[in-house]
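Visitor: If you want this note's numbering, it's the 1-based position in the sequence shown plus 17.
No residue lacks a Cβ here, since even glycine has one placed at the ideal position from N, Cα and C.
I'd like to ask some things about the structure below.
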Amino acid sequence: MGGWIKFHRKILDNEIWQDVTAFRLFTLLLLKASHKDGMKTRGIEVNRGQYLRAYSKLAEDLEYMEGRGLKKVSKSTVERKVKKLVDASMVSVSETVSGTLFTITKYDDYQGSDDIIENPNGTDDETNVGRTRDDRGTNVGQEQELKNLRTKELSNTTTTTPVVDDFAEVFQTFESNLCKLSPLQRDSLGMWYDDFKQNKEIIIEAVKIADDRNRKNFGFVEYLFKEWANNKLTTVEQVQSHERNKFNKPNNHPSNRGRYGSSREEKVPEWFHKQQKKESRAESSVDIAAERDKLIRELQQGTSVGN
């Protein structure tokens, strides 16, 4: 598929600009959308501004290189980002036997072709109206289009509504208790959320532990996730038991409880016990030597008296 698309600058003010995966997904759908009606894809009629694709395939489309490895995006992450676009009225979806049909809701508002024609050589040229310029050198067609868009922006003011899905709750809990996440960290948090079977309680438990230990950064939380994943912990009860067992071993000394009620105990180093044994043995050796010297002196005194 060749050609080009138009992007309005107000995309910079949209919240998806701060969400790397959501922005890449919207851009992908916009680039892949059909530019004319009546296209056939796997037996399904696809019209202007629509794209037919399975969620699993979109996940593959959104893979990218990070360092030397390929960074994958999970299917459930794609589903969440699609929901975000739907909630923002940027995309609508409908299911078909051949996949999901995605529709860019205002495709014609921004991809309108009134001022553009395609010449026989396959290149896009402006019409005579588009080439008409006023005394200031401004394209009259472009100026009118911008006026129309500004009018639509004023009449179609949008309001943000809180998202009520579980991941939104996880995300809000993290940022309100620990720190603000970068777009990449937000995506990584979403992947861990998927890895833990979308169990929000596990993610929130990690936030509580990080807050309790005053480790208010994503790196520490991700360290916990890796440890729990390596130990195949899948429920919040297993996680809590694992964390208690780490600090409730013999010879540990309890410390103060944190704000979430979890207690920590510092493990006494092994070298401490070894040092105590060495000192005990040393004291025993000194006592034996003193007793021996005392017996020798008594024997010597007894011998002198006998003589």
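1. Give the straight-line distance between the Cα atoms of Ser-193 and Gly-20, rounded to the nearest whole angstrom.
2. Would you identify the three-state DSSP class for Gly-86, choosing helix, strand or coil?
3. By Cβ distance below 7 Å, which residues in the same chain neighbour Ile-305 in space, the five residues on each side in sequence not counted?
4. Looking only at its chain, what residues have a beta carbon closer than 7 Å to the beta carbon of Lys-217, apart from the 5 residues adjacent to it on each side?
5. Can you tell me where the beta strand (DSSP E) holding Leu-69 begins and where it ends?
6. Cα-Cα, which of Met-208, Leu-118, Leu-75 is closest to Arg-41?
7. Select from Asn-262, Cys-196, Tyr-210, Glu-260 the residue whose C-alpha is nearest the C-alpha of Ser-93.
8. Quick one: what does DSSP say Lys-225 is sitting in, helix, strand or coil?
9. Would you mind sorting Gly-207 into buried or exposed? The rule is 16 or more other CB atoms within 10 Å of its CB.
10. If we require 3 or more residues per run, which beta strand (DSSP E) segments fall completely within the region 88-127?
11. According to DSSP, simplified to helix, strand and coil, what is Glu-239?
12. For Pro-200, which residues in the same chain have their Cβ closer than 7 Å to its Cβ, ignoring the five residues on either side in sequence?
13. So is Leu-79 buried or exposed if we call it buried at 16+ other beta carbons inside 10 Å?
14. Under the criterion of a Cβ to heavy atom distance below 7 Å, does Asp-229 qualify as lining the ligand PLP?
15. Taking all protein chains shown into account, do 16 or more other C-beta atoms lie within 10 angstroms of the C-beta of Phe-24, making it buried, or fewer, making it exposed?
16. If you run the structure through DSSP and keep just helix, strand and coil, what is Lys-217?
17. Per DSSP, which residues does Glu-260 bridge with? Please list them.
18. Taking the Cβ atom as the reference point for each residue, do Arg-65 and Gly-116 lie within a distance shorter than 8 Å?
19. Give me, in chain order, the residues of the same chain whose beta-carbon lies closer than 8 Å to that of Leu-195; leave out the 5 immediate sequence neighbours on both sides.
20. Taking DSSP as the reference, what is the three-state secondary structure of Ile-61?
21. Report yes if the CB atom of Thr-120 is closer than 8 Å to the CB atom of Met-107, and no otherwise.
22. Determine whether the beta carbon atoms of Tyr-68 and Glu-96 lie at a separation below 8 Å.
23. Could you tell me the alpha carbon to alpha carbon distance between Gln-318 and Asn-265, rounded to whole angstroms?
24. CA-CA distance, Leu-118 and Val-110?
25. Starting from Glu-186 and walking both ways along the alpha helix (DSSP H), at which residues does that stretch end?
26. Would you report the Cα separation of Arg-153 and Gly-129, rounded to the nearest angstrom?
27. Look at the alpha carbon of Lys-249 and the alpha carbon of Leu-46, and state the distance between them as a whole number of angstroms.
28. From Asn-231, Met-82, Ile-219, pick the residue whose C-alpha is nearest to that of Ser-258; which is it?
29. Is the beta carbon of Thr-252 sitting closer than 8 Å to the one on Ile-221?
30. Sort out for me which residues DSSP pairs Tyr-325 with in a bridge.
Guide: Looking at the atomic coordinates:
1. The alpha-carbon atoms of Ser-193 and Gly-20 are separated by roughly 44 Å.
2. If DSSP states are grouped into helix, strand and coil, Gly-86 belongs with the strands.
3. There are no such residues.
4. Asp-183, Glu-186, Val-187, listed in sequence order.
5. Per DSSP, the continuous beta strand (DSSP E) segment holding Leu-69 begins and ends at 67-70.
6. Checking every option, the nearest Cα to that of Arg-41 belongs to Leu-75.
7. The closest CA to that of Ser-93, considering only Asn-262, Cys-196, Tyr-210, Glu-260, is found on Tyr-210.
8. Lys-225: helix per DSSP, three-state reduction.
9. Buried: at least 16 other Cβ atoms inside 10 Å.
10. List check, beta strand (DSSP E) in window: 108-113, 116-121.
11. Three-state result, Glu-239: helix.
12. Once the five neighbours on either side are set aside, the close Cβ partners of Pro-200 are Gln-35, Asp-36, Val-37.
13. Only buried fits Leu-79, as 16 or more other CB atoms lie within 10 angstroms of its CB.
14. Looking at this structure, you won't find the ligand PLP or any other ligand, since it has none at all.
15. The Cβ neighbour count for Phe-24, taken over all protein chains shown within 10 Å, is under 16; the residue is labelled exposed.
16. In the displayed model, Lys-217 falls within a helix according to three-state DSSP.
17. Answer by DSSP bridge pairing: none, since Glu-260 is not bridged.
18. Not in contact: Arg-65 and Gly-116 (Cβ atoms no closer than 8 Å).
19. Taken in chain order, the residues that qualify are Val-224, Ala-227, Asp-228, Lys-233, Asn-234, Phe-235, Val-238.
20. Three-state result, Ile-61: strand.
21. Note that the C-beta distance between Thr-120 and Met-107 is not below 8 Å.
22. At least 8 Å separates the beta-carbon of Tyr-68 from that of Glu-96.
23. Their Cα atoms are separated by approximately 59 Å.
24. Cα to Cα, Leu-118 sits roughly 6 Å from Val-110.
25. In the DSSP assignment, Glu-186 falls within the unbroken alpha helix (DSSP H) covering 183-194.
26. Residue confidence for Arg-153 is low, a pLDDT of 47 falling below 50, so the modelled location carries little weight; the figure read from the coordinates is stated next. Taking the straight line joining both Cα atoms gives about 25 Å.
27. Taking the straight line from one Cα to the other gives about 36 Å.
28. Ranking the options by Cα distance to Ser-258, first place goes to Ile-219.
29. Going by C-beta atoms, Thr-252 is not nearer than 8 Å to Ile-221.
30. With the chain covering only 18 through 324, there is no way to say anything about residue 325.
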